[in-house]
Amino acid sequence: MVRLLYFSWVRERIGVASEAVTLPSGVETVQALLTFLKTQDALHASALSHSSLRVAVNQIHAQATDPVADGDEIAIFPPLSGG
Numbered sequence: 022m023v024r025l026l027y028f029s030w031v032r033e034r035i036g037v038a039s040e041a042v043t044l045p046s047g048v049e050t051v052q053a054l055l056t057f058l059k060t061q062d063a064l065h066a067s068a069l070s071h072s073s074l075r076v077a078v079n080q081i082h083a084q085a086t087d088p089v090a091d092g093d094e095i096a097i098f099p100p101l102s103g104g
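For this note's numbering, count along the sequence shown from 1 and bump the result up by 21.
So this is what it looks like as structure tokens:
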């Protein structure tokens, strides 16, 4: 099981700040996880279909091809802007 944390408008669109998800067989990368999550419901599909999302795995910025595994904490957030 992984712990998902959602931030900013991602959290607002999905409607929860966090959730625990059991990784299905074959979901082994950040991209595969996002693809799987988009199939959960219309809220996830809408929030996670933006190509500009950022992901951190265990508090380290992750790329689409980086691995995910049971026990990971995965944060999903929109790009940050500075000012």
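Here a beta-carbon is modelled for each residue, glycine too, at the ideal position from N, C-alpha and C.
Item: Beta carbon of Leu74 nearer than 8 angstroms to that of Lys59; Value: no
Item: Proximity of Val76 and Leu44 at Cβ, strictly below 8 angstroms; Value: no
Item: Helix, strand or coil at Ala77 [DSSP, three-state]; Value: strand
Item: Beta-carbon proximity list for Leu64, same chain, < 8 angstroms, skipping 5 on both sides; Value: Arg34, Ile35, Gly36
Item: CB contact flag (Thr50, Thr86, <8 angstroms); Value: yes
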